[in-house]
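Each residue of the sequence shown is one higher than the last, beginning at 472 in the working numbering. Glycine included, every Cβ here is placed at the ideal spot set by N, Cα and C.
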Amino acid sequence: MMIPDLRPDADGDTVADISTHGLEYVHRLDTHDHNGDKNFSFASYYLNHMVLQGSPKQSIIWGYAPSSAVGQMVTIMIDHVAHNFSVPVMQDQTWAAKLDAMNAGGPHTIQASLSGSVIQLSDVLFGDVWLCSGQSNMQMSMIQVDNSTEEIEDTINYPNIRVFVVSDKISTIPLSDLSSDGGILLPWSLPSPATIGGPPFQYFSAVCWLYGKYLYQHLQKPIGLIDTTWGGTPVEAWSAPEVLEKCGVTLSKPSDNKAASSYDVLSGPTDSSVLWNGMVHPLLNMTIYGAIWYQGESNAAYNRDLYNCTFPGMIDDWRKKFHTASDTDATFPFGFVQLAPFEADYSVSSGFPDIRWHQTADYGYVPNHRLRNVFMAVAMDLPDFLSPYQSIHPRFKQDIAARLTLASLAVAYKQDVSYQGPYPVHVIISREPPYKFTQIVVEYTMGLNQKWLDGYEICCAFTSPPVCQQGQSWWLPTATVQTYNRGNITESYAFQCDLENVVGIRYAWRQTPCPFKNCAIYGVDNDLPMPPFTYHDRGFVKQSIGDGRYKVLIK
472 MMIPDLRPDA
482 DGDTVADIST
492 HGLEYVHRLD
502 THDHNGDKNF
512 SFASYYLNHM
522 VLQGSPKQSI
532 IWGYAPSSAV
542 GQMVTIMIDH
552 VAHNFSVPVM
562 QDQTWAAKLD
572 AMNAGGPHTI
582 QASLSGSVIQ
592 LSDVLFGDVW
602 LCSGQSNMQM
612 SMIQVDNSTE
622 EIEDTINYPN
632 IRVFVVSDKI
642 STIPLSDLSS
652 DGGILLPWSL
662 PSPATIGGPP
672 FQYFSAVCWL
682 YGKYLYQHLQ
692 KPIGLIDTTW
702 GGTPVEAWSA
712 PEVLEKCGVT
722 LSKPSDNKAA
732 SSYDVLSGPT
742 DSSVLWNGMV
752 HPLLNMTIYG
762 AIWYQGESNA
772 AYNRDLYNCT
782 FPGMIDDWRK
792 KFHTASDTDA
802 TFPFGFVQLA
812 PFEADYSVSS
822 GFPDIRWHQT
832 ADYGYVPNHR
842 LRNVFMAVAM
852 DLPDFLSPYQ
862 SIHPRFKQDI
872 AARLTLASLA
882 VAYKQDVSYQ
892 GPYPVHVIIS
902 REPPYKFTQI
912 VVEYTMGLNQ
922 KWLDGYEICC
932 AFTSPPVCQQ
942 GQSWWLPTAT
952 VQTYNRGNIT
962 ESYAFQCDLE
972 NVVGIRYAWR
982 QTPCPFKNCA
992 IYGVDNDLPM
1002 PPFTYHDRGF
1012 VKQSIGDGRY
1022 KVLIK
């Protein structure tokens, strides 16, 4: 019996091996015959060379069948051995099976049979599947990064990493599968200069690839990477309508917001939910291990003040819906890149700083009580003012991916590694001799490598009641560090502001806070930067601790 391969070439003919057809291939799985009926087939993204999620999770296999087969049983075999998977064809002409939990490794062959017809997936690995999404800095491809030639040549050394790229697709309704009309830009492929070193902003995502590569180096297990990205897009386009409604977002597009486009040379679709519908919702039936995200530039001037609701809400919603439709964990690990700098202007204090803060749900760090099982890479100290792709697209994706991987090992894989930079524990405010000025002492979570003294700003408000005012109340401390010791990890700043007027403190609150890897404060043991933060007004609560001193706890 002839077993058909699942992957047609560009002309619709079956082929033995997609790698012989180069990158002109665009998957066009036509699930209907000439009478409008469906063929017996797997869903579009189940292809040779793929990675399915391994143990302890169970992967879902699903597909289509003719109307004449409704009620009949589809039998699944792995490596030609029956696993007692027999599932019925439903009224909508789909079938779905949950496989046993499979140990990491391979290659495996998976067959599905129906009334004598057999379809097959070959060279399938089981491991961890990661979804990579966001706008242009996640879409930015390997050919655009620093040291790209050597990086791309090295890809052939990682045959147990497999890559897949979703085509750009908008939809006004949630799709159940990727579009049959060019829905896949790059089918599941082994890494090579051809599959990883594609055109700029096409394939393959540099952050996604490097993250997967570094993960593999640590875990030594197959890694599947799904790239679903589109440059110049706001979080609203990637979110379901119910998420946006909860956050008070008007379900429309910001096409008349000229400022939004100034943050990204690529202008993608901005309509609410259109990318959630067309590029994420079709993947829900696939069990994944986790997701990483690099986005936020387009929201620096659009719904910026809602991002602390929309972004956490999107994470919650993705988790809920992937879990409902597959065996994906209900709180699967989610990582993101905190925005990198933009332009060599060290004075801009709005836009990007606000988004960086909102990316953490206004905690300043992750994981936290609102964003559990979430990790991040701080990138504010990685400017690339000479980037040929404009400074908003830094080429230093290796540093970003390395920091993201380190955080993933700690949060997603529960390894005992130091993955965060320093962070304040509390601030003590006093006015005591011999100082003439109000003094602030900051205590941290770890020892510091202090590269320079600037970075902190104090809010000194003279209104009644005292309230921080953008651009009017924030001052740099006027004195240098009074005491500093790696052992007791405290710093002291002095400045001219009466104690009662001190109503806020913030750090690195700039669109571009520092030169390359030269912000003020790093961890002494891991050389990771302290993330930016702001605490003021209601978030800056002074508690008397006697002797004219006040303590401000950092949440």
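Using DSSP's beta-bridge definition, name the partner residues of residue i.
i	result
Pro559	Met544
Trp945	Cys930
Asn756	In the DSSP output, where bridge partners are listed per residue, Asn756 has none listed.
Ser797	According to DSSP, which records beta bridges pairwise, Ser797 is partnered with nothing at all.
Gly598	Gln524
Ile763	Cys603, Gly806
In or out: residue i buried (at least 16 other Cβ within 10 Å) or exposed?
i	result
Met561	exposed
Ser676	buried
Pro936	exposed
Trp923	exposed
Gly749	buried
Val1012	exposed
His1007	buried
Gly719	exposed
Pick helix, strand or coil for residue i, following the three-state DSSP scheme.
i	result
Ser607	helix
Arg843	coil
Asn774	coil
Tyr517	coil
His897	strand
Val637	strand
Leu737	Residue confidence is low: Leu737 scores 46 on pLDDT, short of 50, so the model does not pin down where it sits. Its coordinate-derived value is still stated next. Three-state result, Leu737: coil.
Leu592	strand
Ser769	helix
Gly1019	coil
His551	coil
Trp789	helix
Ser612	strand
Lys922	coil
Pro1000	strand
Phe782	helix
Gln1014	strand
Leu1024	strand
Gly892	coil
Ile474	Because Ile474 sits at a pLDDT of 27, beneath the cut-off of 50, its placement in the model cannot be relied upon, and the following sentence gives the value as read from the coordinates. Of the three classes helix, strand and coil, the one that applies to Ile474 here is coil, per DSSP.
Ile627	helix
Ala848	strand
Please go through the same chain and pick out, in chain order, the residues whose beta-carbon is closer than 6 Å to the beta-carbon of residue i, but skip the five residues on each side of it.
i	result
Lys1022	His897, Ile899, Gln1014, Ile1016
Trp709	Leu746, Trp747
Ser650	Lys640
Val522	Leu596, Gly598, Val600, Arg633, Pro693, Gly695
Pro1000	Val849, Asp852, Gly892, Cys990, Tyr993
Phe659	For the sequence presented, residue 659 should be read as Trp rather than Phe. Cβ neighbours of Trp659 beyond the five flanking positions: Leu518, His520, Met521, Arg633, Phe635.
Phe1004	Gly835, Tyr978
Start and end of the alpha helix (DSSP H) containing residue i?
i	result
Asp648	Segment: none, Asp648 is in no alpha helix (DSSP H) and carries neither H nor E.
Ile623	619-624
Pro664	664-667
Glu716	712-717
Ile532	No alpha helix (DSSP H) contains Ile532, which is instead part of the beta strand (DSSP E) from 531-535.
Gln688	677-690
Gly912	Checking the displayed sequence, the identity of residue 912 turns out to be Val instead of Gly. That residue, Val912, is in no alpha helix (DSSP H); its beta strand (DSSP E) goes 909-915.
Ser879	868-882
Take residue i and list the residues in its own chain whose beta-carbon comes closer than 7 Å to its own, dropping the five residues that flank it on each side.
i	result
Leu681	Lys868, Gln869, Ala872
Val888	Leu877, Leu880, Ala881
Arg843	Thr802
Ser797	Ile531, Leu755, Asn756, Met757, Thr758
Pro865	Ala811, Leu853, Pro854, Asp855, Ser858
His752	Pro645, Leu646
Thr626	Pro662, Ser663, Pro664, Ile667
In chain order, what residues of the same chain lie with their CB nearer than 8 Å to the CB of residue i, ignoring the 5 residues before and after it?
i	result
Ser526	Ala572, Met573, Asn574, Ala575, Phe597
Gly1019	Ser901, Arg902, Glu903, Leu970
Phe672	Ser607, Gln610, Met611, Ser612, Gln615, Gly702, Leu737
In the DSSP assignment, find the beta strand (DSSP E) that holds residue i and state where it starts and stops.
i	result
Thr700	694-700
Asn823	One detail in the question is off: residue 823 reads as Phe in this sequence, not Asn. Per DSSP, Phe823 belongs to no beta strand (DSSP E); it is in the alpha helix (DSSP H), 823-830.
Arg1009	Segment: none, Arg1009 is in no beta strand (DSSP E) and carries neither H nor E.
Gly975	973-978
Leu523	522-524
Ala567	565-569
Ser660	655-660
Thr580	576-585
Ile992	992-994
Quick check on residue i - is its C-beta less than 7 Å from some C-beta in chain D?
i	result
Gln606	Although the question refers to chain D, the structure presented lacks it and comprises just one protein chain.
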